[in-house]
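Going by the UniProt record's numbering, the letters in the sequence shown line up with residues 1 to 270, in that order.
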Amino acid sequence: MSFLMDMFNARAARRSEPIKYDRVKEDENDGSVSGSIDILSERSSLTRSLLVHRLLLVFQALAMGILAAYVVFGPRHPSDVACAQQLSPYSPYIESGDLEYVEFQAQNHLMQPSPYRGHPTREVEEAWLKLWRLPTIHFAEEKMVALNKTPADLYAKVAPKYGGDMMGFFDVFHQLHCLSLVRQYTYRNDYDYSNVTAFRAPEEVVRGHIDHCIETIRKAIMCTGDVTPVVFRKDDGRAEGFKSDFNIQRKCRNFTKIQEWAFEHRGYAQ
């Protein structure tokens, strides 16, 4: 009986002792699993990095595409030449793209000195001649339609050695010729204009020529219709307390360039 009790007590004592666990050593298989996890983690990180990089490239390409579309199709300011082509009749000079504008403050008070004003002298007359006496030009026959001058066979051409194109001259030179002729007419009794062909005609023809020139100048001024404001400068010496300030801001076609182009594209009938 006592033997049985001793066995029971021994088993009970063992059950009451805390259970102890030993650390199990990692074998080769456990190492392989850990290594595989590390590789998968690296691959996942690399995939995310490539995805982000590709998304950035897509967004960059999209932004560049939008910018390019804006440059090509977005709102644009037309060039001076494009504006001139839209607002003027056909001109080979404008079509050439050589048109140039200049901006400046014009000096034009009542007694403003100028090589073109005052009593006629040899120098004054030569200055005026240099403004308008330029050679005729030539341009393509097909452009006569744009000038409403058809059929082209009704109009003169330059000689074959100049290309055989249509012959003409710029209207600005005609306008300046007319202005000079009116100027000369006002001085015709004070200066020797015997070399001016227009004054050799009968008086009624001379008068008609002058009236034609006045009309030409009037039409040109009204056609361009300069709407630049002329302001009033305060002047205590005037009864009104102010005077017109004719020194205005200008934006003009470069006249020298026009003359140079006409000379470079000259053509004659003979």
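We put the CB at the ideal spot given by N, CA and C, even for glycine.
Rounded to a whole number of angstroms, what is the C-alpha to C-alpha distance between residue i and residue j?
i: Ala156; j: Met167; result: 6 angstroms
i: Leu179; j: Lys149; result: 26 angstroms
i: Leu110; j: Pro78; result: 37 angstroms
i: Arg188; j: Glu142; result: 43 angstroms
i: Ala159; j: Asp165; result: 8 angstroms
i: residue 273; j: Val206; result: Here the chain comprises residues numbered 1 to 270, so residue 273 is not present and cannot be evaluated.
i: Lys161; j: Tyr193; result: 36 angstroms
i: His265; j: Val196; result: 27 angstroms
i: Arg48; j: Ala68; result: 30 angstroms
i: Glu95; j: Leu181; result: 31 angstroms
i: Cys213; j: Gly237; result: 38 angstroms
i: Asn254; j: Gln86; result: 19 angstroms
i: Ile217; j: Gly241; result: 33 angstroms
i: Ala198; j: Trp128; result: 16 angstroms
i: Lys219; j: Pro202; result: 26 angstroms
i: His209; j: Lys243; result: 36 angstroms
i: Gln60; j: Ala152; result: 57 angstroms
i: Ser45; j: Phe73; result: 42 angstroms
i: Pro113; j: Thr256; result: 20 angstroms
Nearest to residue i by CA position, among the options, is which residue?
i: Pro135; options: Pro160, Gln105, Phe169 and Gln107; result: Phe169
i: Tyr116; options: Gln184, Thr224 and Asn195; result: Gln184
i: Gln270; options: Phe59, Gln86 and Gly163; result: Gly163
i: Gly118; options: Thr186, Asp235 and Cys213; result: Thr186
i: Arg133; options: Phe199, Ala152, His174 and His209; result: His174
i: Phe246; options: Glu204, Leu51 and Asn108; result: Asn108
i: Phe263; options: Val52, Lys130 and Asp235; result: Lys130
i: Leu147; options: Arg54, Leu50, Ser88 and Ile221; result: Ser88
Whole-angstrom Cβ separation of residue i and residue j, contact assumed at under 8 angstroms?
i: Ile258; j: Val172; result: 7 angstroms
i: Ala106; j: Arg250; result: 5 angstroms
i: Gly267; j: His177; result: About 19 angstroms separates the two Cβ atoms, so there is no contact after all.
i: Val81; j: Gly97; result: 6 angstroms
i: Trp261; j: Tyr93; result: 5 angstroms
i: Leu99; j: Ala84; result: 6 angstroms
Return no unless some Cβ of chain B is closer than 8 angstroms to the Cβ of residue i.
i: Ser79; result: No chain B is present in this structure, which holds just one protein chain.
Mind checking who residue i pairs with in its DSSP beta bridge?
i: Arg253; result: Tyr101
i: Lys234; result: Phe242
i: Met166; result: Phe139 and Lys157
i: Arg266; result: Ile137
Three or more C-beta pairs closer than 8 angstroms, one from the region 122–140 and one from the region 218–230: is that the case here?
no
With three or more C-beta pairs closer than 8 angstroms as the rule, is the region 236–251 touching the region 93–105?
yes
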